[in-house]
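Residue numbers (the working numbering): 13 to 397.
Notes to accompany the following structure.
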């Protein structure tokens, strides 16, 4: 009898404290309530602590008409979270010297690119990654036929494609600027940004994900997107497209903006590298010092970013969602749906929440559904109030 008691005590010691503390049924109830109050059509939640999955929950439907439920195999359209995931590959090019954070991006495109209001100030990769480049979406970006050169060439002086601030001095979130990072990757690697990310980010862990829906191994599992309860973007819109393997930096400036389709558990698994030392399950994506650099306020480094930005390098530094803490990650919104990645390197806590349609109400920029979920799960699993 004493032997069995001893074994039980050993098992209790080995189990994570948070795993012992939670009431599964009550947690499921509260998580579902947060999804329901946000009018989520379908969604998924993953919580990781110290590299281990502690909790998962799948909710609702991935397809209303066919009444198909969300499950662990459901892919979600990521929106801007795409940028954060791709950074695991992009920053490898910084490490090996293929790209330089403070080099004029004109060198990568082969012609002069400049903000006509400040033609002598270089636009750099560090600025693009921190959303301080002054490249604006309000000009030719809305024209699907525009090329990078037509919009940004210094010779053309297209002022409507830039803000009136000096590059590096002012934060303004820019999908166009982010998309240019994808174009630069294509220019220096000779691969499409999708092929590059598949090879550098997904293949090492055998993750089934892509910016091309028809490349997914099980495309029927892609969730359709809904806005205000109505179909916004059918899954077939993405899964029936032809795969483009031809790099074209001049026209592929939209591909990195938000095209990723991935399962929630795989997204959480990749986040372990960004929350930790740059590695996951024995696969090293980035050196520890590179991950640290991505999290830093770039204006503090004395480089080409001189103004404050809430972003490091394709990573948001959120100081509002949990008072008194810096929570890192990224948010993505697409067609009425939202996705959020939150992580805390201090506690090694990660929360990923994905959805295919939910309330778009925000609090200081953060989707309220995601904020509420973080404020519920963090005290429960991170070991901190």
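Where is the CB? At the ideal position from N, CA and C, for every residue including glycine.
Because the structure is a prediction, the values reported are computed rather than measured.
Own chain partners of residue i with C-beta closer than 6 Å, once the 5 adjacent residues on each side are dropped
i, result
"residue 70", "56, 82 and 83"
"residue 127", "146, 174 and 179"
"residue 36", "none"
"residue 377", "none"
"residue 250", "225"
"residue 389", "59 and 363"
"residue 68", "58"
"residue 219", "278"
"residue 306", "324, 325 and 327"
"residue 247", "234 and 236"
"residue 167", "none"
"residue 185", "143"
Status (buried if at least 16 other CB within 10 Å, exposed otherwise) for residue i
i, result
"residue 384", "buried"
"residue 280", "buried"
"residue 343", "buried"
"residue 98", "buried"
"residue 296", "exposed"
"residue 264", "buried"
"residue 171", "exposed"
"residue 215", "exposed"
"residue 328", "buried"
"residue 64", "exposed"
"residue 113", "buried"
"residue 301", "exposed"
"residue 293", "exposed"
"residue 335", "exposed"
"residue 381", "buried"
"residue 61", "buried"
"residue 261", "buried"
"residue 134", "buried"
Close-in-space but distant-in-sequence residues of the same chain around residue i (CB under 7 Å, 5 per side omitted)
i, result
"residue 227", "255"
"residue 22", "Reliability of the predicted coordinates at residue 22 is poor, the pLDDT of 47 falling under 50, and no value is obtained from them."
"residue 283", "353, 355, 362 and 364"
"residue 87", "228, 233, 234, 235, 273, 274 and 275"
"residue 95", "190, 268, 326 and 342"
"residue 230", "85"
"residue 291", "285 and 297"
"residue 271", "94 and 223"
"residue 346", "89, 91, 237 and 270"
"residue 101", "208, 209, 212 and 213"
Anticipated Cβ contact below 8 Å, residue i with residue j, distance rounded
i, j, result
"residue 193", "residue 156", "The Cβ separation is near 19 Å, so there is no contact."
"residue 66", "residue 393", "5 Å"
"residue 427", "residue 324", "Residue 427 is absent from the model: the chain starts at 13 and stops at 397."
"residue 259", "residue 211", "No, residue 259 and residue 211 are not in contact; Cβ-Cβ is about 13 Å, not under 8 Å."
"residue 351", "residue 90", "5 Å"
"residue 1", "residue 137", "Residue 1 cannot be examined here, being either before or after the span of the chain that is shown, 13 to 397."
Residues sharing a beta bridge with residue i, DSSP
i, result
"residue 365", "57 and 352"
"residue 329", "340"
"residue 378", "375"
"residue 385", "Paired residue(s): none; residue 385 is not in a bridge."
"residue 346", "349"
Same chain only: Cβ atoms within 8 Å of residue i, ignoring 5 sequence neighbours per side
i, result
"residue 107", "298, 299 and 302"
"residue 330", "322, 338, 339, 340, 341, 354 and 378"
"residue 165", "123, 124 and 125"
#### Entry: Start-end ranges of the alpha helix (DSSP H) lying completely within the region 31-81, minimum 4 residues
36-49
#### Entry: Whole alpha helix (DSSP H) elements within the region 245-323, 4-residue minimum
248-251, 267-270, 276-287 and 300-307
### Task
Go through the region 160-243 residue by residue and report every complete run of the alpha helix (DSSP H) that reaches 4 residues or more, in order.
160-164, 187-201 and 205-209
### Message
Extract the residue ranges of the beta strand (DSSP E) inside the region 81-153, only unbroken runs of 3 or more that lie entirely within it.
### Response
87-89
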